[in-house]
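Peer 1: Under full-length UniProt numbering, the residue at position 365 of the sequence shown is numbered 365, and the numbers go up by one with no gaps. For every residue, glycine included, the Cβ atom is placed at its ideal position computed from N, Cα and C. Quick caveat: nothing in here was measured; it's all calculated off a predicted structure.
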Amino acid sequence: MAQIFNEAPTVNTEVTEDIYQLLGLAPLNELEIAVRLLMPGKDVGSIIGKAGAHIKLVRDMSHSKINISDNTTAERLVTINGFPDSVLKAVNLMAVKLEKDSMAVPNQTGMGTPPLPGVSFNLPFPSTQCGSFIGKSGANIKDIRETTSTSIQVAGECLPGSSERIICIQGNPEGVTKVIYHVCSVLIEHPIRHDVDLYEPDRSPIPQSSPPVGGPWMSSSYKDVGYRSHQHSYGPYSPPNRAHGRFTRGTRGFPPIRPEHSPNIQDRLVNIGRVYKQHGDPHNTHIMYIPNDLIGCIIGKAGQKINEIRTLSGATIKISDPIGDQLERTVTISGPLESIGVAQYHINCRIHEEVVIKANNQQNT
Numbered sequence: 001m002a003q004i005f006n007e008a009p010t011v012n013t014e015v016t017e018d019i020y021q022l023l024g025l026a027p028l029n030e031l032e033i034a035v036r037l038l039m040p041g042k043d044v045g046s047i048i049g050k051a052g053a054h055i056k057l058v059r060d061m062s063h064s065k066i067n068i069s070d071n072t073t074a075e076r077l078v079t080i081n082g083f084p085d086s087v088l089k090a091v092n093l094m095a096v097k098l099e100k101d102s103m104a105v106p107n108q109t110g111m112g113t114p115p116l117p118g119v120s121f122n123l124p125f126p127s128t129q130c131g132s133f134i135g136k137s138g139a140n141i142k143d144i145r146e147t148t149s150t151s152i153q154v155a156g157e158c159l160p161g162s163s164e165r166i167i168c169i170q171g172n173p174e175g176v177t178k179v180i181y182h183v184c185s186v187l188i189e190h191p192i193r194h195d196v197d198l199y200e201p202d203r204s205p206i207p208q209s210s211p212p213v214g215g216p217w218m219s220s221s222y223k224d225v226g227y228r229s230h231q232h233s234y235g236p237y238s239p240p241n242r243a244h245g246r247f248t249r250g251t252r253g254f255p256p257i258r259p260e261h262s263p264n265i266q267d268r269l270v271n272i273g274r275v276y277k278q279h280g281d282p283h284n285t286h287i288m289y290i291p292n293d294l295i296g297c298i299i300g301k302a303g304q305k306i307n308e309i310r311t312l313s314g315a316t317i318k319i320s321d322p323i324g325d326q327l328e329r330t331v332t333i334s335g336p337l338e339s340i341g342v343a344q345y346h347i348n349c350r351i352h353e354e355v356v357i358k359a360n361n362q363q364n365t
C-alpha cells in the first residue's frame, strides 16, 4: 500500500497485526476513546508527511480517526479517536516516524551534538483522572516509568481556562506507546464524574506576567480540536459542547484526586518560579531565576535537557555562569511569545519533578 504515496515512511508492519502482542500487554476493553497530543508544528509536519502521505497511511493502517488543528500557531492539537488498539497503533506509527525524522537531522540542537533517539509527547489530560494515573503516593506512575523505561511528568496545575493538566512523556517509540496504553486504561476504567473543560489556548491569551512553576501554561491557539464532526461517545468522553468547551461526564466515577504534595513543597514551587520581562525588549524576552541546586535538572547531562527544550520550543535559551556565592542562576528565554511559553512550560516540568524527587528523598531519610 505504501508504494502509492510519494513519501513512504518506515513503519513496523507488526503494528497492523496485533499492537498488544507487540507491546506485550493485555488487550483493553473495546470502548471508543479519544487521546489528544499537543505537538510543535515541526512534529506535526513530520507526521503529516509530504502531501499528507504519512497521516493518510497512519489512518489507513490504524483504522483510527485523526484530526489536526489549524496551522496557525507554534503548536497544534492532534486528536486520535477510535478503539484502544487503533489509538495505540496510530501513536506508535507517529512515534516511529518522529524518531526517524529527528535522527535524520544532525546537529539540530545547534550545539554540535547529534540528536538523541526517542520522542516526546504532551497530553492534555483531565485533572480528575490524574490521580488514577499517578496512583497512591505515586506508586502507579513510578511503576509505569520503570516498566516502560520512559520519563513521565505530570503538571502540578491545570492549563489556563481548563480542567486539564499536561502529561509529558519522553522515551523510545515502544515505551511511549506503552505509557499511552496506561492512559487509555485510565480513560476506560475510570470514567469522569464531572464535565471536562477542554484546554483551548485561543480562550487563554498570553498573560502579561508569567505564572509560577506551580501553574504552567502554553501560549498558542487552536481553531478546532477535531470533535465537531463526530457523534459517538469516546469512552468517558462525549463530544464537547463547543459553546462551553466541555466534554460531558461518563456514567461511572472515581474518588477525587488527593493533593500530591505538601503545602511547603508547593510554596517552594511558587518561590522558584519568579519570571520577569526584560526591559527594552517587551514581550520577547523573559528571565527566570533558578536556585543553584535545581539548575542541573534543566541543563541535564552534557546539556541534553536544555537542548531538548530549545528544540521543542524554538526559543533561544541562555543560562548564566555561576558567580561567587550567588544562590541563583539566570535563565534568559528569547523569541516569539509562543516559543517562550513552551520553553517555560518544559522548564517548569523539569523543576516540578526534581522538587518532588528531592522531597520524597527527604521523607525517606
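#1: Grouping DSSP H, G and I as helix and E and B as strand, with all else coil, what is residue 366?
#2: Whose CA, out of 23, 293, 180, 172, lies closest to the CA of residue 357?
#3: DSSP three-state label for residue 130, please.
#4: Tell me, to the nearest whole angstrom, how far the beta carbon of residue 38 is from that of residue 122; I am working on the premise that it is less than 8 Å.
#5: My understanding is that residue 47 touches residue 97, with C-beta atoms under 8 Å, so please give their C-beta distance in whole angstroms.
#6: Roughly how far, in whole angstroms, is the beta-carbon of residue 185 from the beta-carbon of residue 171, given that I think they are within contact range, below 8 Å?
#7: So, are the CB atoms of residue 56 and residue 82 less than 9 Å apart?
#8: Leaving out five residues on either side along the sequence, give the residues of the same chain with a beta carbon under 7 Å from the beta carbon of residue 134.
#9: Please work out which residues of its chain come closer than 6 Å, Cβ to Cβ, to residue 59, disregarding the five sequence neighbours upstream and downstream, and give them in chain order.
#10: Out of curiosity, what's the CA-to-CA distance linking residue 164 and residue 289?
#11: When you compare only the Cα positions, how much space is there between residue 51 and residue 158?
#12: Could you tell me if residue 129 is buried or exposed, where buried requires 16 or more neighbouring beta carbons within 10 angstroms of its beta carbon?
#13: Report, in whole angstroms, the separation of the C-beta atoms of residue 197 and residue 161, which I expect to be a contact under 8 Å.
#14: Which residue comes first and which comes last in the beta strand (DSSP E) that contains residue 28?
#15: At the level of alpha carbons, what is the spacing between residue 339 and residue 74?
#16: Suppose contacts are defined by Cβ-Cβ distances below 9 Å. Is residue 89 in contact with residue 144 by that definition?
#17: By how many angstroms is the C-alpha of residue 326 removed from the C-alpha of residue 337?
#18: Pull up the distance between the alpha-carbon of residue 117 and that of residue 137, whole angstroms please.
#19: Suppose contacts are defined by Cβ-Cβ distances below 9 Å. Is residue 314 in contact with residue 40 by that definition?
#20: Under the rule that 16 or more other beta-carbon atoms within 10 Å means buried, what is residue 63, buried or exposed?
#21: If contacts are defined as beta-carbon pairs under 8 Å, then residue 199 and residue 25 qualify, I think. What distance do you get, rounded to the angstrom?
#22: Taking C-alpha atoms, which residue in 103, 72, 156, 78 lies nearest to residue 355?
#23: May I have the straight-line CA-CA distance separating residue 299 from residue 363, to the nearest angstrom?
#24: Do you know whose CA, among 286, 102, 319, 146, lies nearest residue 42's CA?
#25: Given this structure, state the Cα-to-Cα distance separating residue 70 from residue 34, to the nearest angstrom.
#26: Here's a check: name, in chain order, each residue in its chain whose Cβ is nearer than 6 Å to the Cβ of residue 342, leaving out the five neighbours to either side.
#27: Counting C-beta neighbours from all protein chains within 10 Å, is the total for residue 308 16 or more, i.e. buried, or is it exposed?
#28: What does DSSP give as the partner residue(s) for residue 289 in the beta ladder?
#29: Could you tell me which of 350, 49, 176, 167 sits nearest to residue 148, measuring between CA atoms?
#30: Quickly, what does DSSP pair residue 37 with across the bridge? List them, please.
#31: Judging by CA-CA distance, which residue of 310, 297, 317 is the nearest neighbour of residue 286?
Peer 2: The short version:
#1: Any answer about residue 366 is impossible in this case: the structure gives the chain only from 1 up to 365.
#2: 293
#3: helix
#4: 4 Å
#5: That pair is a contact at about 6 Å.
#6: Not a contact, Cβ separation roughly 18 Å.
#7: no
#8: 140, 141, 154, 260
#9: 66
#10: 27 Å
#11: 36 Å
#12: buried
#13: 7 Å
#14: Looking at the DSSP string, residue 28 is not in any beta strand (DSSP E), and its letter there is neither H nor E.
#15: Spanning the two alpha carbons is a distance of roughly 7 Å.
#16: no
#17: 29 Å
#18: 31 Å
#19: yes
#20: exposed
#21: Not really, about 28 Å apart at Cβ, beyond 8 Å.
#22: 156
#23: C-alpha separation (whole angstroms): 26 Å.
#24: 102
#25: 18 Å
#26: Taking residue 342 as the centre and dropping the five residues before and after it, the same chain places the C-beta of 313 closer than 6 Å to its C-beta, in chain order.
#27: buried
#28: 330
#29: 176
#30: 78
#31: 317
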